[in-house]
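Read through the structure below, which is laid out as structure tokens, and then see the notes.
Residue numbers (the numbering used here): 1166 to 1413.
Here is the structure:
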């Protein structure tokens, strides 16, 4: 084997030997950005991110019951704090990787007005939102409706998703005419991908600070540490921003 080819083979073998996997619990609203980030992370570091998507509240329950996750990308900042206090998260590892935006969205391009007045006019039968007990975007949706004084009137029309992904699917498939979803699900590179929406003012709900936390099971794993660092890098941040999230 030529000397250069041998050196290349040895280098590849060395990289492969040190490559690792990290088990990542990812908030459902962050599905699309993380699916873009993961292959870049693998290409740049050699480590592979094994992704599971779902509601933050459900992930919390799974982690407290011993699920093998090593990093949590939550849809809030409260769950990572709880995990740190319970010694299931590594103290001092938390950081805000994204600030979420809640929108009222319909697949119908003519249904939702730019001021959200449709919530008061009531010209629809079904309104989708994520379970407010397990999904922070669902909790934010309830805050908005409470501040607008429309919860009692609209509650009989609720179609509740277990996660923000299921909620968006209800609206996309027409099972609900409109619903509260994450901007990241219907927005890419500065444009609404389909339908119509109301970008809900931040003053109507608490900020959706989405924190990452290194979990105890990933404390000393190179892949876990590498992912936490990668999410703070320019490549990841550019992708996150392209989906409408705000950054710190």
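Glycine included, every Cβ here is placed at the ideal spot set by N, Cα and C. Please read these numbers as outputs of a predicted model, since none were measured by experiment.
*Less than 7 angstroms separating the beta-carbons of residue 1345 and residue 1294?*
Yes, the pair counts as a contact, with Cβ atoms nearer than the cut-off.
_Let me check understanding here. Comparing Cα to Cα, which of 1222, 1203, 1340 and 1252 lies closest to residue 1292?_
Comparing Cα-Cα distances from residue 1292 to each of 1222, 1203, 1340 and 1252, the minimum goes to 1340.
*Kindly give me the distance between the Cβ atoms of residue 1266 and residue 1410, rounded to whole angstroms, as I take these residues to be in contact under 8 angstroms.*
The C-beta distance from residue 1266 to residue 1410 rounds to 7 angstroms, short enough to fall under 8 angstroms.
*Quick one: residues in its chain with C-beta nearer than 6 angstroms to the C-beta of residue 1324, no 5 flanking neighbours on either side, listed in chain order?*
Within the same chain, residue 1324 has close Cβ partners 1291, 1293, 1335 and 1341.
*Buried or exposed: which applies to residue 1230, given that a residue is buried once 16 or more other Cβ atoms fall within 10 Å of its Cβ?*
Residue environment analysis places residue 1230 among the exposed positions, since fewer than 16 neighbouring C-beta atoms fall within 10 angstroms of its C-beta.
*So, residue 1369 versus residue 1268, is the Cβ gap smaller than 7 angstroms?*
Taking C-beta atoms as the reference points, residue 1369 and residue 1268 fail to come closer than 7 angstroms.
_Spatial distance of residue 1332 from residue 1326 (CA atoms)_ = Looking at the two C-alpha atoms, the distance is approximately 5 angstroms.
*DSSP three-state assignment for residue 1364, whether helix, strand or coil*: It is a strand residue.
*asked:* Check whether the region 1366-1380 and the region 1224-1239 are in contact - that is, three or more C-beta pairs closer than 8 angstroms.
replied: Contact holds: three or more Cβ-Cβ distances are below 8 angstroms.
_Residue from 1358, 1299 and 1263 whose Cα sits closest to the Cα of residue 1403_ = Ranked by Cα distance from residue 1403, the options 1358, 1299 and 1263 are led by 1263.
*Taking just the CA atoms, how far does residue 1399 sit from residue 1389?*
Looking at the backbone, the Cα of residue 1389 and that of residue 1399 are separated by about 18 angstroms.
*asked:* If distances are taken between C-alpha atoms only, which option among 1355, 1296, 1361 and 1193 comes closest to residue 1343?
replied: Of the candidates 1355, 1296, 1361 and 1193, the one whose C-alpha sits nearest the C-alpha of residue 1343 is 1361.
*asked:* Below 8 angstroms on the Cβ atoms is my contact criterion, and I expect residue 1365 with residue 1350 to pass it. Report the Cβ-Cβ distance as a whole number of Å.
replied: So it is not a contact: roughly 14 angstroms between Cβ atoms.
_Sequence ranges, alpha helix (DSSP H) only - wholly within the region 1356-1409, length at least 4_ = Counting only runs of 4 or more, we get 1387-1395 and 1399-1407.
_Just to confirm my understanding: we take residue 1245, look at its own chain, exclude 5 residues before and 5 after, and list those with CB closer than 8 angstroms. What are they?_
1237, 1239, 1254, 1259, 1376, 1377 and 1378, listed in sequence order.
*State yes or no: is the C-beta of residue 1355 within less than 7 angstroms of the C-beta of residue 1299?*
Not in contact: residue 1355 and residue 1299 (Cβ atoms no closer than 7 angstroms).
*Is the CB-CB distance between residue 1310 and residue 1297 below 7 angstroms?*
For the pair residue 1310 and residue 1297, the CB atoms are not nearer than the 7 angstroms cut-off.
*Which residue from 1280, 1203, 1194 and 1196 puts its Cα closest to that of residue 1395?*
Looking at the Cα atoms, 1203 is the closest of the given residues.
*Under three-state DSSP, which class holds residue 1281?*
Reduced to three states, the DSSP call for residue 1281 is coil.
_Contacts around residue 1196, its chain only, beta-carbon distance under 7 angstroms, and the 5 residues preceding and following it disregarded_ = Counting only residues of its own chain and dropping the five nearest sequence neighbours on each side, residue 1196 has a CB closer than 7 angstroms to the CB of 1218 and 1330.
*asked:* Cutting at 6 angstroms between CB atoms, please list the residues of its own chain near residue 1249, excluding the five before and the five after it.
replied: Correct list, in chain order: 1256.
*Would you kindly work out how many angstroms separate the C-alpha atoms of residue 1380 and residue 1235, rounded to a whole number?*
Residue 1380 and residue 1235 have their C-alpha atoms some 5 angstroms from each other.
*So, is residue 1288 buried or exposed, given that buried needs 16 or more other C-beta atoms within 10 angstroms?*
By the 10 Å Cβ count, residue 1288 comes out exposed.
*Tell me which same chain residues have a C-beta within less than 6 angstroms of the C-beta of residue 1407, skipping the five on either side of it?*
Within its own chain, the residues whose Cβ lies closer than 6 angstroms to the Cβ of residue 1407, once the five positions on either side in sequence are excluded, are 1354, listed in chain order.
*asked:* Applying the 10 Å Cβ sphere with the 16-neighbour rule, what's the burial state of residue 1190?
replied: Per the 10 Å Cβ criterion, buried.
*Where are the beta strand (DSSP E) runs, 3 residues long or more, that stay fully inside the region 1234-1260, in chain order?*
With a minimum length of 3 residues, the continuous beta strand (DSSP E) runs that stay inside the region 1234-1260 are 1236-1238.
*Quick one: give me the first and last residue of the alpha helix (DSSP H) that residue 1341 is part of.*
It is not in any alpha helix (DSSP H) - residue 1341 carries neither H nor E in the DSSP assignment.
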